Every structure is written in C-alpha cells, then in structure tokens.
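S.K.: For reference, each letter of the sequence shown is one residue, going 9 to 266 in my numbering.
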Amino acid sequence: TDDTSMALCLAHSLIEQQGFDPVDQLQQYLRWSREGYLSSTGQCFDIGNTVSQALQQFQITQNPYCGSTAPRSAGNGSIMRLAPVPLFYAKKPKEAIEKSGDSSRTTHGVASAVDACRYLGALLVGAVNGVSKEELLSELYCPIPQYWQENPMVGEIHEIATGSFKYRQPPEIKGTGYVVKSLEAALWAFEHSSSFREGCLLAVNLGDDADTTGAVYGQLAGAFYGEQGIPESWRSRLVKRELIESTADQIFALAQRA
Numbered sequence: 009t010d011d012t013s014m015a016l017c018l019a020h021s022l023i024e025q026q027g028f029d030p031v032d033q034l035q036q037y038l039r040w041s042r043e044g045y046l047s048s049t050g051q052c053f054d055i056g057n058t059v060s061q062a063l064q065q066f067q068i069t070q071n072p073y074c075g076s077t078a079p080r081s082a083g084n085g086s087i088m089r090l091a092p093v094p095l096f097y098a099k100k101p102k103e104a105i106e107k108s109g110d111s112s113r114t115t116h117g118v119a120s121a122v123d124a125c126r127y128l129g130a131l132l133v134g135a136v137n138g139v140s141k142e143e144l145l146s147e148l149y150c151p152i153p154q155y156w157q158e159n160p161m162v163g164e165i166h167e168i169a170t171g172s173f174k175y176r177q178p179p180e181i182k183g184t185g186y187v188v189k190s191l192e193a194a195l196w197a198f199e200h201s202s203s204f205r206e207g208c209l210l211a212v213n214l215g216d217d218a219d220t221t222g223a224v225y226g227q228l229a230g231a232f233y234g235e236q237g238i239p240e241s242w243r244s245r246l247v248k249r250e251l252i253e254s255t256a257d258q259i260f261a262l263a264q265r266a
C-alpha cells in the first residue's frame, strides 16, 4: 500500500545519498505522488492529506521540514514508513532516534508524530540488535540510558512508552489514523502475541486504518522476529518481493559500514 511505497522511497533515498537527506526524501515522495514510483500498481494511491499538503508546501518553499505542526495533523503517515531510518543507523542509536524524528518532520511536524517516530525508532534499534521483548516493552525503553529523561516526549507518547498498551484492551485500543492510537495498537498487538503472524492478525483485525496498524506492527515485529519469522506463504505472495528484499539488504549492508 502507500505505507510500503513511502518506506521504499525513504530507503532508496538513504541508499542513494548514503545518508539522511530530507530534500531528497521529499523529491522521492514527489516522484511517487506524480509517477507512481515504487507503487505496487504503478500509480500513487491512498496518499494522505497531510502528506499532500507537505509536498505542495515543499514545492513552493524548498524547505524540507514543512510538515504541519497543527494538532489536527497528527496522522500516522510518517510512522508508517519509518523503519529504513533506524535500521540504517542501527549501530548509532542517538542518530537513529534523532533522524527518526527528523524523518517525520518532512511531512508531519506535530510533536506527537515526531515523538512517536523517535520512540518507535528506539524500539527498532533495540529489536534489530537482539534486545528481549520484555526489555523492549519495559517502561521508557531506550538503547541509550536516561535518554528520555534528557529528551522527553510529549505526554501522549510518554504514556504509551510507560505501558498504556499493557492494560488497555479493545475498544480502548483502536487502529485509527491518529498516530497515538496507531502506535499504541501496534504495541498492544506485539505485547499480546508470540509470533509475527499472530500479532499481525491481532493488529489488522482491529479494523479501521488496518494497513497502517499492520505496517507499524510489522516494522517492530519484523525487526524482532527477523525475515524467517514472517510466514513463507506470506512472503511468497508479496508484490515486488525482490525489490523489497534487495532494498533491505542494501540498508543492512550500509548499517554495518556506518
């Protein structure tokens, strides 16, 4: 879906630029929106209003950090594509967390979206480096000690990071387009499952913005369980599987060099 197309755009920018270049990221997103670049169908579909507005603003100003800071713009359009950034910087946790936040600001500048990306970025660094599920889901987990005390998150994301997903259940847990609910739902599914498949089904069956709840869950669960943890029957039916695998391999190779 659009989630994966934007993630591929972000990954290709990191690979081609050998690092984080927000102007190039937006140019990649523009290619997707105009030409269907890296789309599963060859056409751009399901682009969000907040992303569209940011791309329009970028074309006028050339300012890469043009994501709206309005409270009503706190959608899940930046967290859904995040994984390439923390995976690229997996050996540099501080950069991974900071760049995760910056990767949101290109289209979603509101603090809850930026901090959701910073927190998920920290979790992805931990997961891909072999941290246990218990530690990942512990209160205010970060691969850098005392990081959140020194670089605090807004209240809504802080509440999730202290474990709101552990005691809430549907219908309080919702897979909506709101970034706070999207992140909480993904973590709820990860907490309440013991395999990639089980958690993914929990996430998407919350309904509503199911593909993005699945995308946010899949980033964390994929980093934690690894490629072999994803059912082969799912991987074999994946559109553009070879492109996705080669992109992931290149990100991994660059992360080892970083």
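For glycine and all other residues, C-beta sits at the position ideal for the given N, C-alpha and C.
The structure displayed is predicted, hence computed values, not measured ones.
1. Taking C-beta to C-beta, are Y155 and V139 nearer than 9 Å?
2. Do G207 and A231 come within 9 Å of each other at the CB atom, strictly closer than that value?
3. Return the bridge partner residues of S76 from the DSSP annotation.
4. Roughly how far, in whole angstroms, is the beta-carbon of G183 from the beta-carbon of A211, given that I think they are within contact range, below 8 Å?
5. Taking the Cβ atom as the reference point for each residue, do A197 and Y225 lie within a distance shorter than 9 Å?
6. Specify the secondary structure class of G129 as computed by DSSP and reduced to three states.
7. Just to confirm, is the Cβ distance from A193 to Y127 under 9 Å?
8. At 4 residues or longer, what runs of the alpha helix (DSSP H) sit wholly inside the stretch 64–110?
9. With 16 as the cutoff for other CB atoms within 10 Å, does F260 come out buried or exposed?
10. Would you mind giving the Cβ-Cβ distance between L262 and I105, rounded to the nearest angstrom? I have them listed as a contact below 8 Å.
11. By DSSP, does R186 sit in helix, in strand, or in coil?
12. By how many angstroms is the C-alpha of R89 removed from the C-alpha of I252?
13. Exposed or buried, K174, counting other C-beta atoms within 10 Å across all chains shown (16 or more means buried)?
14. Which class does I23 belong to by DSSP, given the choice of helix, strand or coil?
15. Determine the extent of the alpha helix (DSSP H) in which H166 is found, giving its start and end residues.
16. By how many angstroms is the C-alpha of Y45 removed from the C-alpha of R39?
17. Can the beta-carbon of C125 be found closer than 9 Å to that of S172?
18. Quick check on S108: buried or exposed, where buried means 16 or more other Cβ atoms within 10 Å of its Cβ?
19. With DSSP collapsed to three states, give me the class of T9.
20. State whether the stretch 93–103 contacts the stretch 14–34, with contact taken as three or more CB pairs (one from each stretch) at a distance under 8 Å.
M.R.: Quick look at the numbers:
1. With respect to V139, Y155 sits apart: the two C-beta atoms are not nearer than 9 Å.
2. Not a contact, by the Cβ cut-off of 9 Å.
3. S76 pairs with H116.
4. Confirmed, about 7 Å.
5. Closer than 9 Å, so yes.
6. Secondary structure of G129 (DSSP, three-state): helix.
7. Between A193 and Y127, the CB-CB gap reaches or exceeds 9 Å.
8. Entirely contained in the stretch 64–110, the alpha helix (DSSP H) runs reaching 4 residues are, in chain order, 92–96.
9. Exposure of F260 is indicated by the presence of fewer than 16 other C-beta atoms within 10 angstroms of its C-beta.
10. Your pair L262 and I105 does not check out as a contact, with CB atoms roughly 18 Å apart and the cut at 8 Å.
11. It should be noted that the sequence gives Tyr, not Arg, for residue 186. Assigned with DSSP and collapsed to three states, Y186 falls in strand.
12. Spanning the two alpha carbons is a distance of roughly 13 Å.
13. K174 sits exposed, since fewer than 16 C-beta atoms from the chains shown fall within 10 Å of its C-beta.
14. The three-state reading of DSSP puts I23 in helix, counting H, G and I together.
15. Looking at the DSSP string, the run of the alpha helix (DSSP H) that includes H166 is G163 to A169.
16. Pairing R39 with Y45, the inter-Cα distance amounts to about 6 Å.
17. With respect to the 9 Å criterion, C125 and S172 are not classified as neighbours on the basis of their beta carbons.
18. Its Cβ being crowded by 16 or more others within 10 Å, S108 is buried.
19. T9: coil per DSSP, three-state reduction.
20. Judged by pairs of C-beta atoms under 8 Å, the stretch 93–103 touches the stretch 14–34, as three or more such pairs exist.
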